[in-house]
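The structure appears right after this line, and notes come after that.
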Amino acid sequence: MNVPTEQPDDELTIPRAAMNKMIKEILPNVRVANEARELILNCCTEFIHLLSSEANEICNQQQKKTINAEHILMSLDKLGFGDYRADAEAVLKDCKAMAAKKRRKSTRLENLGIPEEELLRQQQELFAKAREEQMLVAQQEWQLLQEQAAAAVQQQQQEQLTIDEEDDYS
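Here our numbering is used: the first residue of the sequence shown is -6, the next is one more, and so on.
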């Protein structure tokens, strides 16, 4: 099995736009040179790589197949970044709260207090009403076409009658 060798250009990094936005939010009144931005980007990428590699080792030692938040927090401690643990735990708590909020929003249907059968019945009523309206519009269009066709035939007959009368007097 051939595994392609990774080249530096193929390495995953944080998107530059996201990094620039973070820099602007943290330092709104400071200009940061492009070289400094690039250095920050490389440092962040290296930090994430180091942290995820350590978390992967911890995960493997525990004979787990999925890296979870606790593995990341443990890797912070093991790598000497324990000072960041409280901040990381706060962010984790916020993320869990946001995920719970999204889950609650996704169950809006359940929170309506209307049984699903009733909602289905209402939907079928709306579909039936829409079909009736479409049928009425189609009938009106057909009637209009018939009237236009009848008027055209009548006009043609009138023109033919006029021509015939002119021929009779000639």
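Where a beta carbon is used, it is the ideal one built from N, C-alpha and C, also for glycine.
- In this structure, residue 47 and residue 14 do not form a Cβ contact; the two beta carbons are roughly 27 Å apart against a cut-off of 8 Å.
- Between the region 58 to 67 and the region 75 to 91 there are three or more inter-stretch CB-CB distances shorter than 8 Å, so the stretches are counted as touching.
- Assignment of residue 74 by DSSP, reduced to helix, strand and coil, places it in the coil class.
- Here the region 34 to 44 makes contact with the region 5 to 25; the two share three or more CB pairs at distances below 8 Å.
- One Cα belongs to residue 42, the other to residue 74, and the distance between them is close to 14 Å.
- Between residue 19 and residue 25, the CB-CB gap reaches or exceeds 7 Å.
- Linking residue 23 to residue 108 through their CA atoms gives a straight-line distance of about 56 Å.
- As for any alpha helix (DSSP H) of minimum length 4 sitting wholly inside the region 14 to 58, the runs are 27 to 54, ordered along the chain.
- Per the coordinates, the alpha-carbon of residue 121 lies some 10 Å from the alpha-carbon of residue 128.
- Contact between residue 49 and residue 60 holds, since their C-beta atoms are separated by about 6 Å, short of 8 Å.
- Rounded to whole angstroms, the gap between the alpha carbons of residue 130 and residue 116 is 21 Å.
- Classified as exposed, residue 138 has fewer than 16 neighbouring CB atoms from the shown chains inside 10 Å of its CB.
- In the structure shown, residue 65 falls within a helical segment according to DSSP collapsed to helix, strand and coil.
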